[in-house]
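Asker: Input: one structure, supplied below.
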Amino acid sequence: MTTDEKQHVADLAKRHVAPRNILLSLQDKFPENVTRITQVYKHKSVIEKEIRGPRSEIQHLFKLIEDAGYVYWSRKKDDSEVVREIFWAHPDSVKLLNIFPIVLVMDSTYKTNKYRQPLFEIVGMTSTELTFAVGFAYMESEQTENFCWVLEKLKELFVKKDMCPQVILTDRDLALMKAIEVVFPNSINLLCRFHINKNVGAKCKQHVVNDLQKTIDTLWMEVVWASDEVEYGQRLHQLEQACVDYSGFINYVKDTWLTPHRHRFVGAWINRVLHLGNTTTNRVESAHWKLKQMLGNSIGDMVKCWEAMNNNLRLQLGNIRASFQKSFYEVENAHVSPFYGYLRGSVSRAALRRIAEELLRVDYVGTNRQICGCTLRTSYGLPCACELGRYRVGGIPIPIDAVHVHWRKLTMEVELEKGEDDGSEVDMTAAMDELWRRFRSLDVVGKRALRSRVCELAYPTMTTLCPPPEKIKTKGGVKKKGKKPADYDVYRDPSYHEYVDKASQSSQRQSQPSQTSKKIKLSKKQPQFIVQFPNHIRSYIEDVVNVESDGNCGFRVIASLHGYGEDGWSMVRRELGLELIDKDRSTLYDKLFSNRLSAVRESLMIESFGSQPPEKWMSLPDMGYLIANRYNVVLVCLGNPCITFFPMTSSHSQNVSIYCIGFVNQNHWVQVNMKEGFPLPPVTLDWKKFRSHIATTWMLGFAGRMQHWQLLTPVLA
Numbered sequence: 001m002t003t004d005e006k007q008h009v010a011d012l013a014k015r016h017v018a019p020r021n022i023l024l025s026l027q028d029k030f031p032e033n034v035t036r037i038t039q040v041y042k043h044k045s046v047i048e049k050e051i052r053g054p055r056s057e058i059q060h061l062f063k064l065i066e067d068a069g070y071v072y073w074s075r076k077k078d079d080s081e082v083v084r085e086i087f088w089a090h091p092d093s094v095k096l097l098n099i100f101p102i103v104l105v106m107d108s109t110y111k112t113n114k115y116r117q118p119l120f121e122i123v124g125m126t127s128t129e130l131t132f133a134v135g136f137a138y139m140e141s142e143q144t145e146n147f148c149w150v151l152e153k154l155k156e157l158f159v160k161k162d163m164c165p166q167v168i169l170t171d172r173d174l175a176l177m178k179a180i181e182v183v184f185p186n187s188i189n190l191l192c193r194f195h196i197n198k199n200v201g202a203k204c205k206q207h208v209v210n211d212l213q214k215t216i217d218t219l220w221m222e223v224v225w226a227s228d229e230v231e232y233g234q235r236l237h238q239l240e241q242a243c244v245d246y247s248g249f250i251n252y253v254k255d256t257w258l259t260p261h262r263h264r265f266v267g268a269w270i271n272r273v274l275h276l277g278n279t280t281t282n283r284v285e286s287a288h289w290k291l292k293q294m295l296g297n298s299i300g301d302m303v304k305c306w307e308a309m310n311n312n313l314r315l316q317l318g319n320i321r322a323s324f325q326k327s328f329y330e331v332e333n334a335h336v337s338p339f340y341g342y343l344r345g346s347v348s349r350a351a352l353r354r355i356a357e358e359l360l361r362v363d364y365v366g367t368n369r370q371i372c373g374c375t376l377r378t379s380y381g382l383p384c385a386c387e388l389g390r391y392r393v394g395g396i397p398i399p400i401d402a403v404h405v406h407w408r409k410l411t412m413e414v415e416l417e418k419g420e421d422d423g424s425e426v427d428m429t430a431a432m433d434e435l436w437r438r439f440r441s442l443d444v445v446g447k448r449a450l451r452s453r454v455c456e457l458a459y460p461t462m463t464t465l466c467p468p469p470e471k472i473k474t475k476g477g478v479k480k481k482g483k484k485p486a487d488y489d490v491y492r493d494p495s496y497h498e499y500v501d502k503a504s505q506s507s508q509r510q511s512q513p514s515q516t517s518k519k520i521k522l523s524k525k526q527p528q529f530i531v532q533f534p535n536h537i538r539s540y541i542e543d544v545v546n547v548e549s550d551g552n553c554g555f556r557v558i559a560s561l562h563g564y565g566e567d568g569w570s571m572v573r574r575e576l577g578l579e580l581i582d583k584d585r586s587t588l589y590d591k592l593f594s595n596r597l598s599a600v601r602e603s604l605m606i607e608s609f610g611s612q613p614p615e616k617w618m619s620l621p622d623m624g625y626l627i628a629n630r631y632n633v634v635l636v637c638l639g640n641p642c643i644t645f646f647p648m649t650s651s652h653s654q655n656v657s658i659y660c661i662g663f664v665n666q667n668h669w670v671q672v673n674m675k676e677g678f679p680l681p682p683v684t685l686d687w688k689k690f691r692s693h694i695a696t697t698w699m700l701g702f703a704g705r706m707q708h709w710q711l712l713t714p715v716l717a
């Protein structure tokens, strides 16, 4: 290759372009070039060797870290020069940490390097709700002592001695939780709800029969989302009653999660904590994924890993700066009102969006603190519905002081505040004088030893440290063409709950024929019901499934269609009751039901199981709106009249479920199984009147099937 061609290869290799794409670029730029792919690989290797020179891996790593201005620490194993742990943080990450110290999310990931050392990553959240990396640490093992060392180094990144994160979010790693308790005793350690729910769901699949799994999952979620301790006690009692025959499952839930850790993930406790909306470790999990996308494989050394992290950070910091500029200069349509006058340009757009969403609750909440719950104030540091209601009643804009200072920081270009005594901490005069005094007092051997230790600090690129031994083979040909060993990839191994889910799905597939035959046996066509439906729709009916006539028949049908089983009817009643008071749709139902709201609510409440009086039966159209909204399904009723209910606050989805029910004998509901693509009857006038703007997409998505119904209807006449 010519000099220009070699430079072109070097430029593309620096940007991690794949060799095959480098070769294509060479051919485009230099048409006469006849370079082969092997030459590209060889030249890349030459470039890497020239850059590193005679330095060892750790020496080169320290040089890159020093040149980029990183803050870093390392320690070695006892009586050895092998690196035990190493921690580093980008200078801008340190700045962001001190600007946004409230919430940190921590987690380990694996398969990032050929030494198989776990990578511990710490991230935070900016005022624009973007994630920023705080620091990275490669650790020898995940014991409490290792975590304590890393967290002590994290503590040193805070400019003020008394500063620490208010909330630290982790998985249930007992060693890490113990280290947090030791190093940050004043911080609140929350646990990831996502992983807890997944583990509980997996345990449920192992202990509970299929028909009750969804019911118990729903009851568990109600426990987790309980808004206060009284509701928590009630929801837990309901879960215990449902699991009376499954002591293994309920004991696991209580002994592993609720008794020792409920204050770390249950809403009744964490809603009082300023977690800024962070209740899962999704932020750090996402950061792991982006890093591994940059790495490509897990056979690189620490230098390659650092380069991937550094490139990732450069992109991340660019996005953060751009988000600050957007909040300064761009105003969304929803925030042009004078009500936001004091906040525009001074508060992040993310905070303004949350306030705008909360403002929708004001019509329902008013200024009543008890109804409001004030979760946005306690968990986000933003004005809640009752607070916004008072500002609206007073006719004043939202004051800037009502927004927590976290959301008002929109720049990284600030001088970090220092404590009163911080000056002495960075003054090395006395230490240097003492070092010289000790050096002069030593004999020749002592001076050599002290000089060696000082040189390690002064010249990190001359360090004698070496990386840990490799734990996998990284050389040698791949036996099967096109297939790398499994240990080379960067993707994590499946979690416990994923193994359980896979086993459960496999079991369901194997048992599918027997389930189908059972359904056919129970779901025979019943002429006495079919003849009660309009003539033009009968040819589209596959079968009709009858349910018990006890005043709960309508709810039994919905429970069966939703997968709860017919006996899950009480769960449907409970969920529709919750839907009626849902904070996001309470205003909708106030307008939709008007003076009938209390009657609708009362019809869902029952005093005992068993037969129910007519006022407790499922009635349409009222329940139709609730069912479609709660489960985000299309509900079709065949009867007199025939009606379609679309969700009123969501947009059209291609994979939506369509539940079809039939009203027969003027007092009974049945499940109607329809053929694919059957015509849909019209919607109600109230649906058209009160649905949200985006909900109109439902009628557009099903326009053809609704027109088909209109074409068939005259035949009936």
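Residue numbering for the sequence shown is 1 to 717, as defined by the UniProt record's numbering. Every residue, glycine too, gets a C-beta built ideally from N, C-alpha and C. Since this is a predicted model, take the numbers as computed values, not measurements.
(1) Which whole runs of the alpha helix (DSSP H) in the segment 178 to 235 are 4 residues long or more, in chain order?
(2) Comparing alpha-carbon positions, which option in 23, 42, 294 lies nearest residue 33?
(3) How about residue 57 and residue 467: are their beta carbons less than 8 Å apart?
(4) Identify every residue that forms a DSSP beta bridge with residue 76.
(5) State yes or no: is the C-beta of residue 220 within less than 8 Å of the C-beta of residue 64?
(6) Along the alpha helix (DSSP H) that carries residue 268, what are the first and last residues, could you check?
(7) Of the choices 95, 690, 667, 374, whose alpha-carbon is the least far from that of residue 618?
(8) Which same chain residues end up closer than 6 Å to residue 706 when comparing Cβ atoms and leaving out the 5 residues on each side of it in sequence?
(9) Counting pairs of beta carbons, one from the segment 308 to 315 and one from the segment 330 to 340, are three or more of them closer than 8 Å?
(10) In its own chain, which residues sit with a C-beta less than 7 Å from the C-beta of residue 718, not counting the 5 before and 5 after it?
(11) Please work out which residues of its chain come closer than 7 Å, Cβ to Cβ, to residue 211, disregarding the five sequence neighbours upstream and downstream, and give them in chain order.
(12) Quick check: the Cα distance between residue 215 and residue 568, rounded to an integer number of angstroms?
(13) Using the rule of at least 16 other Cβ atoms within 10 Å of the residue's Cβ for burial, across every protein chain shown, is residue 162 buried or exposed?
(14) Just checking my contact of residue 344 with residue 362 at CB under 8 Å: how many whole Å lie between their CB atoms?
(15) Among 529, 116, 199, which has the Cα closest to the Cα of residue 256?
(16) Name the residue from 414, 646, 324 whose alpha carbon lies nearest to the alpha carbon of residue 688.
(17) What number of angstroms, rounded off, separates the C-alpha of residue 14 from the C-alpha of residue 5?
(18) Exposed or buried, which one is residue 605 when buried takes at least 16 other CB atoms within 10 Å?
(19) Should the segment 112 to 126 be called in touch with the segment 136 to 148, which here means at least 3 C-beta pairs below 8 Å?
(20) Who are the near neighbours of residue 517 in its chain, counting only those whose CB is closer than 7 Å to its CB and skipping five residues on each side?
(21) How about residue 193 and residue 280: are their beta carbons less than 8 Å apart?
(22) Where residue 539 and residue 563 are concerned, what is the direct C-alpha to C-alpha distance, given to the nearest angstrom?
(23) Give, in chain order, every unbroken run of the beta strand (DSSP E) that is at least 3 residues long and sits entirely within the segment 523 to 588.
(24) Check for me: the alpha helix (DSSP H) holding residue 27 runs from which residue to which?
(25) Is the Cβ of residue 276 closer than 8 Å to any Cβ of chain C?
(26) Between the C-alpha atoms of residue 536 and residue 713, what's the straight-line distance to the nearest angstrom?
(27) May I have the straight-line CA-CA distance separating residue 81 from residue 465, to the nearest angstrom?
(28) Please state the DSSP three-state secondary structure of residue 670.
(29) With burial defined as no fewer than 16 other Cβ atoms inside 10 Å of the residue's Cβ, what is the status of residue 459: buried or exposed?
(30) Going by beta carbon distance, what residues of the same chain come within less than 6 Å of residue 91, once the five residues before and after it are set aside?
(31) DSSP state of residue 442, grouped into three classes?
(32) Assuming residue 657 contacts residue 633 (C-beta within less than 8 Å), just tell me the rounded distance between them.
(33) Mind checking residue 170: buried by the 16 CB within 10 Å criterion, or exposed?
(34) Among the residues of its own chain, which have a CB less than 6 Å from the CB of residue 172, if the five just before and after it don't count?
(35) Count the other CB atoms within 10 Å of the CB of residue 41; is the residue buried (16 or more) or exposed (fewer)?
(36) Excluding five sequence neighbours on each side, which residues of the same chain lie with their C-beta closer than 8 Å to the C-beta of residue 643?
Answerer: Walking through what the data contain:
(1) DSSP runs (the alpha helix (DSSP H)) wholly in the segment 178 to 235: 193 to 207, 210 to 224.
(2) Indexing the sequence shown from 1 puts residue 33 at position 33. The option with the nearest alpha carbon to residue 33 is 23.
(3) Position 57 of the sequence shown holds residue 57. Position 467 of the sequence shown holds residue 467. For residue 57 and residue 467, yes; Cβs fall inside 8 Å.
(4) Numbered from its first residue, the sequence shown carries residue 76 at position 76. According to DSSP, which records beta bridges pairwise, residue 76 is partnered with 83.
(5) One-based indexing of the sequence shown puts residue 220 at position 220. One-based indexing of the sequence shown puts residue 64 at position 64. Their beta carbons are not under 8 Å apart, which means residue 220 does not touch residue 64 by this criterion.
(6) Taking the sequence shown and counting its residues from 1, one reaches residue 268 at position 268. Counted as a single uninterrupted DSSP element, the alpha helix (DSSP H) harbouring residue 268 occupies residues 267 to 270.
(7) As a working mapping, residue 618 is identified with position 618 in the sequence shown. Scanning 95, 690, 667, 374 for the CA closest to the CA of residue 618 turns up 667.
(8) Locating residue 706 in the sequence shown gives position 706, counting from the first residue. Here the set comprises 680.
(9) By the Cβ rule, the segment 308 to 315 does not count as touching the segment 330 to 340, because fewer than three pairs are nearer than 8 Å.
(10) An answer regarding residue 718 cannot be provided, because it is not within the stretch 1 to 717 covered by the chain.
(11) Residue 211 sits at position 211 when you count from the first residue of the sequence shown. The answer, listed in chain order, is 565.
(12) Position 215 of the sequence shown, counting from 1, holds the residue named residue 215. Position 568 of the sequence shown, counting from 1, holds the residue named residue 568. Each residue's Cα considered, the two are about 7 Å apart.
(13) Looking up residue 162 in the sequence shown gives position 162. That one is exposed.
(14) Here residue 344 refers to the residue found at position 344 of the sequence shown. Here residue 362 refers to the residue found at position 362 of the sequence shown. About 20 Å separates the two Cβ atoms, so there is no contact after all.
(15) Counting from 1 along the sequence shown, the entry for residue 256 is found at position 256. If we check each option's Cα against that of residue 256, 199 comes out closest.
(16) Residue mapping note: residue 688 aligns to position 688 of the sequence shown, counting from 1. The option with the nearest alpha carbon to residue 688 is 646.
(17) For this step, residue 14 is matched to residue 14 along the sequence shown. For this step, residue 5 is matched to residue 5 along the sequence shown. Spanning the two alpha carbons is a distance of roughly 14 Å.
(18) Position 605 of the sequence shown, counted from the first residue, corresponds to residue 605. Classification for residue 605: exposed.
(19) Below 8 Å, enough C-beta pairs join the segment 112 to 126 and the segment 136 to 148 to call them touching: three or more.
(20) The sequence position of residue 517 within the sequence shown is 517, counting from 1. Any answer about residue 517 is weak, because its pLDDT of 32 lies below 50 and its placement is not dependable; what the coordinates show is given next. Excluding sequence neighbours, residue 517 sits near nothing in its chain.
(21) Residue mapping note: residue 193 aligns to position 193 of the sequence shown, counting from 1. Residue mapping note: residue 280 aligns to position 280 of the sequence shown, counting from 1. Cβ atoms of residue 193 and residue 280: closer than 8 Å.
(22) If you number the sequence shown from 1, residue 539 lands on position 539. If you number the sequence shown from 1, residue 563 lands on position 563. C-alpha separation (whole angstroms): 26 Å.
(23) 541 to 545
(24) For the purposes of this step, residue 27 is taken as residue 27 along the sequence shown, with counting starting at 1. 19 to 29 is the span of the alpha helix (DSSP H), which, as asked, contains residue 27.
(25) Protein chains in the displayed structure number just one, and chain C is not present.
(26) Counting from one through the sequence shown, the residue named residue 536 turns up at place 536. Counting from one through the sequence shown, the residue named residue 713 turns up at place 713. If you take the alpha carbons of residue 536 and residue 713, they lie about 7 Å apart.
(27) By one-based count along the sequence shown, residue 81 stands at place 81. By one-based count along the sequence shown, residue 465 stands at place 465. Their backbone Cα atoms lie some 5 Å apart in a straight line.
(28) Here residue 670 is taken as the residue at index 670 of the sequence shown, counted from 1. Correct three-state label for residue 670: strand.
(29) Position 459 of the sequence shown holds residue 459. Exposed, by the Cβ-count rule.
(30) Walking along the sequence shown from the start, residue 91 turns up at place 91. Answer for residue 91: 69, listed in chain order.
(31) Sequence index remark: in the sequence shown, residue 442 carries index 442 (1-based). Coil at residue 442, not helix or strand.
(32) The residue labelled residue 657 in the question sits at position 657 within the sequence shown. The residue labelled residue 633 in the question sits at position 633 within the sequence shown. Correct: roughly 5 Å between the Cβ atoms.
(33) Here the question's residue 170 lines up with position 170 in the sequence shown. Classification for residue 170: buried.
(34) Position 172 of the sequence shown, counted from the first residue, corresponds to residue 172. Excluding sequence neighbours, residue 172 sits near 191.
(35) In the sequence shown, residue 41 corresponds to position 41, counting from 1. Residue 41 comes out exposed.
(36) Locating residue 643 in the sequence shown gives position 643, where the first residue counts as 1. Contacts found: 620, 621, 624, 636, 637, 681, 682, 683, 684.
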